[in-house]
Structures are given as C-alpha cells and as structure tokens.
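In our numbering, the protein residues as written are 332 to 422.
So the structure is just underneath, and the comments pick up after that.
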C-alpha cells in the first residue's frame, strides 16, 4: 500500500526535527513507531546511486516501491510504499 500524504508529511516533520542529530539506527526506530506498517530497509549510503528523497544528519532517506516482487528505489512519492535509510559515514 502506498504511503499516504499524511505519512509523508509526518516523515518530513521527523526528519526536520532530528536534523543533524539523525543516525540510521535511531531514525529507523523512530520511523517504525511513526508509521507502524512501513516497509523499512537499511544499508550504507555508498550502496545507493539514486538521489535521496530527504537527508538528515548521517542519513539519506530513499523512497521504495515494494509493490512488486523486486524492491526498487523510486523518486515518485505516489509510488512509494516503503523507505530505505542509507547511513553515511560522518564527515
């Protein structure tokens, strides 16, 4: 099921609230609590070629389309049914 506009707005608010303090582990926990049915994956940012949907602290957030057999990164919020939290190494 695609993420609703309300889900996306709540995710945006969380990312803004965390700002530079965001870390992959804590962001993942917060996202699971905020959107309980969210399909959530984590990886290293170096493993993702696409531009992130949002960035905060040491995290890049990518929208995922998990509606088919293969999960894919999407830039279209209307197709997003999950999130990928990609951790970046501290600068």
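Yeah, the Cβ is synthetic: ideal placement off N, Cα and C, and Gly gets one too.
Spatial neighbours of residue 405 in its chain, beta-carbon cut-off 8 Å, leaving aside the 5 residues before and after: Excluding residues within five positions, the ones whose Cβ falls inside 8 Å are 394, 395, 396 and 411.
Helix or strand or just coil, what does DSSP make of residue 370? strand
Just to confirm my understanding: we take residue 402, look at its own chain, exclude 5 residues before and 5 after, and list those with CB closer than 6 Å. What are they? 395
Residues in the same chain with beta-carbon distance under 8 Å from residue 368, minus the five sequence neighbours each way, listed in chain order, please. 332
Quick one: Cα of residue 342 to Cα of residue 362, how far? 7 Å
Nearest to residue 353 by alpha carbon, out of 371, 392 and 338? That would be 392, whose Cα lies nearest to the Cα of residue 353.
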